[in-house]
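Peer 1: Quick note: to get the working numbering, add 1149 to the position in the sequence shown (first position is 1). Beta carbons are placed, not taken as given, at the ideal position from N, Cα and C, and that holds for glycine. These numbers come from a predicted model, not from an experiment. Here you go, one structure.
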Amino acid sequence: QQQTAPTMACLPYPTFLQSPTQTPSTQSLSAVGRVRIHPLTCPGISDNDSESSVGASSSSAAQEEYQAIISKCIQQSKVVDTDTTDKENAKLRKKYMKEGVAMASSYLSQTLGIDVSIVDVEIVLNIDSITETDGCLASCFLDAGCAYVVVRVKQEEEKDGGLAKALEACDATRVPRERLVLHMKNTGMPEIGNEITSRVGTISIQMASLSSAFTDWNVPTSKKEWKCVVQLSITEGLSKDDLIASVSSLSKAIGENRGSITLVDPTAEQLGLCYAACMKTDRPDGLYTTVVCTRSNEALGLVYSSKASIIAALQCGRGVYYSRSRNGLWRKGDTSGHYQTLHRIDVDCDGDALRFTVTQNGNDCKAFCHLNTLTCWGEPRGIRHLEQTLVARLHDAPAGSYTKRLFDDEAL
């Protein structure tokens, strides 16, 4: 009997176009596992945690940092190292490359506050910047941890060779097509032929607005060689019900394994509601079975999530679940102090279960279980058991003992 490949639900993720990435209401939206960044317009971190302080100054600082990365990549591109005997040029080009990657890494992690080791980042690059750096800018951000480079067809040039210029920029990157995304407006879209699909693995389509009717455009169906991402702008005044219905319909139209939806500058509530709308559950109470894991994929326990708890988790960046015994939200750690830092939320292949990837915290001990153990599966084994044994020995070792000396004396 022929086995079918596993399928994954079409899920939404945020695009940061104008809103900053590091405010109390936005800093945890990337926990859905994927995020798109527009570096020319997206502000980074503010001087403090107040959203009202995020203005032109923070945006300007983030953009200046991005421009400095471009300048470094231009330096790299101007060093010719085609002559294998010219070791000095090769060293200089490598030096500029390393400096650029370090700057891009700092920009992503410090300025934007995004953990590229666990979140898939799409960086939207200007066509002129790609060509001016001879593709070095794309390689720089990929080496810094980005998952994809988005090449945007300029709106003002769409009818004047804009697509051709975008494809030339794709060629200049010299990176695998699977890492490239071509972004264009849905109006006047060209036929998606081999000229495009031979260069990029994903087509991103920008819709000007989102309506509940959703009749102005149909998702392309011939997608065997490429995936589709639809970028949606949430219009002011759109009701929650209309938003949910539209995203749910679009998710079904795109289909499993064939693409995603990205919402421009959403709130945690909008993103959480749309995320849940693309899932399913056969439970009478409407809850989602949720496995809680560490970053090393160690299962801490089994809990349940609701739409409200998903929104709350995205709002505060912590492990928040639904307590069936309390019939309400369970903010892990509010009582015990054993709170969790939320890193990522994933949906399983059937679209009816969640996985929360967290870091378990605690002052006295790091315990997820009510029995004051790290996991709900009893005493640890293997490496985890060895780690806890070493921590206990360090904590309990008498002063002057050989065990204490082993920990304190580097020479030993």
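Does K1289 come out as helix, strand or coil in the three-state DSSP assignment?
Peer 2: Residue 1289 sits at position 140 when you count from the first residue of the sequence shown. Inspection of the sequence shows that residue 1289 is occupied by Cys rather than by Lys. Helix.
Peer 1: Identify the residues that DSSP records as bridge partners of C1377: which are they?
Peer 2: Here residue 1377 corresponds to residue number 228 of the sequence shown, with the count starting at 1. C1377 is bridged to I1352 and G1408.
Peer 1: How should H1487 be labelled, buried or exposed, when 16 other C-beta atoms within 10 angstroms of its C-beta is the threshold for buried?
Peer 2: As a first step, residue 1487 must be located in the sequence shown, where it is residue number 338. Its Cβ being crowded by 16 or more others within 10 Å, H1487 is buried.
Peer 1: Using the Cα positions of E1528 and R1432, report the straight-line distance between them to the nearest angstrom.
Peer 2: The residue labelled residue 1528 in the question sits at position 379 within the sequence shown. The residue labelled residue 1432 in the question sits at position 283 within the sequence shown. C-alpha separation (whole angstroms): 31 Å.
Peer 1: Considering only the beta carbon of each residue, do W1375 and T1416 sit closer than 7 Å?
Peer 2: Position 226 of the sequence shown, counted from the first residue, corresponds to residue 1375. Position 267 of the sequence shown, counted from the first residue, corresponds to residue 1416. Against a cut-off of 7 Å, the Cβ pair of T1416 and W1375 comes out as no contact.
Peer 1: Could you please give the first and the last residue of the uninterrupted alpha helix (DSSP H) stretch that includes T1442?
Peer 2: Along the sequence shown, one-based indexing puts residue 1442 at 293. One point to set straight first is that residue 1442 is Cys, not Thr, in the sequence displayed. Not the alpha helix (DSSP H): C1442 falls in the beta strand (DSSP E), residues Y1437 to C1442.
Peer 1: Determine which residues share a DSSP beta bridge with Y1470 and list them.
Peer 2: As a first step, residue 1470 must be located in the sequence shown, where it is residue number 321. In the DSSP output, where bridge partners are listed per residue, Y1470 has W1479.
Peer 1: What are the boundary residues of the beta strand (DSSP E) that includes S1454?
Peer 2: Here residue 1454 is taken as the residue at index 305 of the sequence shown, counted from 1. Element bounds for S1454: A1448 to S1454.
Peer 1: In the DSSP assignment, what are the bridge partners of A1502?
Peer 2: The residue labelled residue 1502 in the question sits at position 353 within the sequence shown. According to DSSP, which records beta bridges pairwise, A1502 is partnered with T1438.
Peer 1: Would you give the residue range spanned by the alpha helix (DSSP H) that M1246 belongs to?
Peer 2: In the sequence shown, counting from the first residue as 1, residue 1246 sits at position 97. Its alpha helix (DSSP H) spans residues K1236 to S1255.
Peer 1: Checking 7 Å against the spacing of the C-beta atoms, do A1426 and S1382 come in under that value?
Peer 2: Here residue 1426 corresponds to residue number 277 of the sequence shown, with the count starting at 1. Here residue 1382 corresponds to residue number 233 of the sequence shown, with the count starting at 1. Not in contact: A1426 and S1382 (Cβ atoms no closer than 7 Å).
Peer 1: What is the DSSP secondary structure of K1221, counted as helix, strand or coil?
Peer 2: Here residue 1221 is taken as the residue at index 72 of the sequence shown, counted from 1. Three-state result, K1221: helix.
Peer 1: In the structure shown, what three-state DSSP assignment does Y1488 receive?
Peer 2: Translated into the one-based positions of the sequence shown, residue 1488 becomes position 339. In this structure, Y1488 counts as coil in the three-state DSSP scheme.
Peer 1: Below 8 Å on the Cβ atoms is my guess for I1494 versus V1181; work out the distance and round it to an integer in Å.
Peer 2: For the purposes of this step, residue 1494 is taken as the residue at position 345 of the sequence shown. For the purposes of this step, residue 1181 is taken as the residue at position 32 of the sequence shown. That belief holds up - the Cβ atoms of I1494 and V1181 are roughly 6 Å apart, short of 8 Å.
Peer 1: Go ahead and label C1289 buried or exposed: buried means 16 or more other beta carbons lie within 10 angstroms of its beta carbon, across all protein chains shown.
Peer 2: The count along the sequence shown starts at 1 and reaches residue 1289 at position 140. Burial call: buried.
Peer 1: Shortest alpha-carbon distance to V1349 belongs to which of T1438, Q1355 and H1332?
Peer 2: As a first step, residue 1349 must be located in the sequence shown, where it is residue number 200. Checking every option, the nearest Cα to that of V1349 belongs to H1332.
Peer 1: Determine the burial state of S1209: buried for a count of at least 16 other Cβ atoms within 10 Å of its Cβ, exposed for fewer.
Peer 2: On the sequence shown, residue 1209 is found 60 positions in, with the first residue counted as 1. Classification for S1209: exposed.
Peer 1: What residues in its chain sit with their C-beta under 8 Å from that of N1275, if we drop five residues either side in the sequence?
Peer 2: As a working mapping, residue 1275 is identified with position 126 in the sequence shown. Result list for N1275: L1189 and R1301, in chain order.
Peer 1: If you compare alpha carbons, which of T1506, R1407, T1411 and S1445 is closest to V1452?
Peer 2: For the purposes of this step, residue 1452 is identified with residue 303 of the sequence shown, where counting begins at 1. Here the closest residue by C-alpha is T1506.
Peer 1: Just to confirm the assignment, what range does the alpha helix (DSSP H) spanning E1271 have?
Peer 2: Taking the sequence shown and counting its residues from 1, one reaches residue 1271 at position 122. Premise fails: E1271 lies in the beta strand (DSSP E), D1269 to L1274, not in any alpha helix (DSSP H).
Peer 1: Go to L1329, then tell me how far its beta strand (DSSP E) extends in each direction, as first and last residue.
Peer 2: Within the sequence shown, numbered from 1, the residue matching residue 1329 stands at position 180. L1329 -> beta strand (DSSP E) spans L1329 to K1334.
Peer 1: Can you tell me which of E1214, R1407, H1519 and K1244 puts its alpha carbon nearest to the alpha carbon of A1253?
Peer 2: By 1-based counting over the sequence shown, the position of residue 1253 is 104. Residue E1214 is the option with its Cα nearest to A1253.
Peer 1: Three Cβ pairs or more, each shorter than 8 Å: is that satisfied between the region 1456–1464 and the region 1396–1411?
Peer 2: With a cut-off of 8 Å, the region 1396–1411 and the region 1456–1464 do not count as touching, because too few Cβ pairs lie within range.
Peer 1: Got a sec, what are the start and stop residues for the alpha helix (DSSP H) R1554 sits in?
Peer 2: Within the sequence shown, the letter at position 405 stands for residue 1554. Note, R1554: alpha helix (DSSP H), Y1551 to D1557.
Peer 1: Kindly list the residues whose CB is nearer than 7 Å to the CB of Q1489, restricted to its own chain and excluding five residues on each side of it in sequence; keep chain order.
Peer 2: What you label residue 1489 is simply residue 340 of the sequence shown in a count that begins at 1. Cβ neighbours of Q1489 beyond the five flanking positions: R1467, G1468, K1481, G1482, V1507, T1508, Q1509 and N1510.
Peer 1: Excluding sequence positions up to five away, which residues of its chain have a Cβ less than 8 Å from the Cβ of G1477?
Peer 2: Indexing the sequence shown from 1 puts residue 1477 at position 328. Closer than 8 Å at Cβ, skipping near neighbours: Y1471.
Peer 1: Since V1378 contacts S1395 with CB under 8 Å, what's their CB separation in whole angstroms?
Peer 2: To locate residue 1378, count along the sequence shown from 1; it is residue 229. To locate residue 1395, count along the sequence shown from 1; it is residue 246. Going by Cβ atoms, the distance from V1378 to S1395 rounds to 16 Å, so no, they are not a contact pair.
Peer 1: By the DSSP assignment, the beta strand (DSSP E) with V1299 in it spans what residues?
Peer 2: As a first step, residue 1299 is located in the sequence shown; it is residue number 150 there, counting from the start. Note, V1299: beta strand (DSSP E), Y1297 to R1301.
Peer 1: Could you please give me the residues that DSSP links to Y1162 through a beta bridge?
Peer 2: Taking the sequence shown and counting its residues from 1, the one referred to as residue 1162 is at position 13. DSSP, once it has assigned bridges, lists T1411 as partnering Y1162.
Peer 1: Starting from I1494, follow its DSSP beta bridges and name the residues at the other end.
Peer 2: Locating residue 1494 in the sequence shown gives position 345, where the first residue counts as 1. Partner(s): F1505.
Peer 1: Among all the DSSP beta bridges, which residues are the ones paired with V1184?
Peer 2: The sequence position of residue 1184 within the sequence shown is 35, counting from 1. V1270, per the DSSP bridge assignment.
Peer 1: Specify the secondary structure class of S1278 as computed by DSSP and reduced to three states.
Peer 2: In the sequence shown, residue 1278 corresponds to position 129, counting from 1. DSSP places S1278 in helix when its eight states are reduced to three.
Peer 1: Is the beta carbon of C1442 closer than 7 Å to that of R1504?
Peer 2: In the sequence shown, the residue the question calls residue 1504 occupies position 355. In the sequence shown, the residue the question calls residue 1442 occupies position 293. It is a contact, given that the beta carbons lie within the stated cut-off.
Peer 1: Decide if E1559 is buried, meaning its Cβ has at least 16 other Cβ atoms within 10 Å, or exposed.
Peer 2: Walking along the sequence shown from the start, residue 1559 turns up at place 410. E1559 is exposed by the Cβ-count criterion.
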